[in-house]
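What follows is one structure encoded as structure tokens, with my remarks underneath.
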Amino acid sequence: MNRPLLAANWKLNKTLDETRTFINELIPFTKNGGDIDIVLAPPFTSLYVACLAAKYTNIMLAAQDVFYEDRGAYTGEISPAMIVDAGCSHVIIGHSERRQYFYDTDDVINKKIKASKRHNLTIIFCIGESLSEREQGKALSVLKRQLEGGLKEVTAENIVIAYEPVWAIGTGKTATPSQAQEVHKYIREWLTSFYGAEAKGIRIIYGGSVTPDNINSLMDCKDVDGALVGGASLRADSFAKIVNFKRRKS
Ligand code: PEP
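Those letters in the sequence shown? Residues 20 to 269, by our numbering.
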């Protein structure tokens, strides 16, 4: 099994004070976490205070998005070098909310992934089908298109795939462990056909209404290497339970 990765996506939530408080509350629960990766993705404004609060801990930081140029006349954008400077080792790219509300296409996502790799960031690359795509039996073809588009001319190192069915995000409807396993297995096979043996080390994490109550059964799935958590990551006690999931597979 790959080293588990548990990531918190705070989205448009938390002030500087709330960020510091959360991290101080979470730290005592991460002490046994030597064999897992714990990543927090605060909003851009909180990254640097999160970096200071998480110093000397095993908590790592991600930006929730990034732009693909290093500098220039791009008002409102943030570069990979800037998020590294603010303390990030990871970046979330291609989240369904970015695709839906900010029109991030597969091509834009591919540019963001390439730019982030140039700065040695670990990329949490999100893919997922909508409810209507699933109902029409198109889920796997949508995922294939997103994988092919996002990973075009991208090498395997520092890539994590987050499978996030759009119908399960923020809805309380989690994919069942068998639904998650079926798709993760498909993604693993696609990665193997694309990268060969190197695909083995690419972590595939699940996202979509993950909570302390369902994390153990999701982590029992053979091809589930972790979770990307939205709503249930906003409280330190809830995210602490998720990072302390009970592993029943070896
Ligand atoms: C997410 O936005 O990445 C997510 C998985 O959200 P939630 O856990 O709230 O469904």
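We treat Cβ as the ideally placed atom computed from N, Cα and C, and that holds for glycine. As the structure is a prediction and not an experimental result, all values here were calculated from the model.
- Contact between I78 and I57 holds: CB atoms are separated by about 5 Å, below the 8 Å threshold.
- Under DSSP, the beta-bridge partners assigned to A26 are V58, L247.
- Counting along the chain, T211 sits inside no beta strand (DSSP E); it lies in the alpha helix (DSSP H) bounded by residues 196-214.
- Residue pairing by DSSP places V110 opposite A82, I142 in a beta bridge.
- S197 and C240 have their C-alpha atoms some 8 Å from each other.
- K219 sits exposed, since fewer than 16 C-beta atoms from the chains shown fall within 10 Å of its C-beta.
- Following the DSSP letters along the chain, one finds V185 in no beta strand (DSSP E), marked with neither H nor E.
- Per DSSP, the continuous beta strand (DSSP E) segment holding R222 begins and ends at 222-226.
- Excluding its 5 nearest sequence neighbours in each direction, G227 has C-beta neighbours in its own chain below 7 Å: E183, P184, A187, I188, T193, A194, listed in chain order.
- By the criterion of a C-beta distance shorter than 6 Å, F48 is surrounded in its chain by A259, once the five residues flanking it on both sides are discounted.
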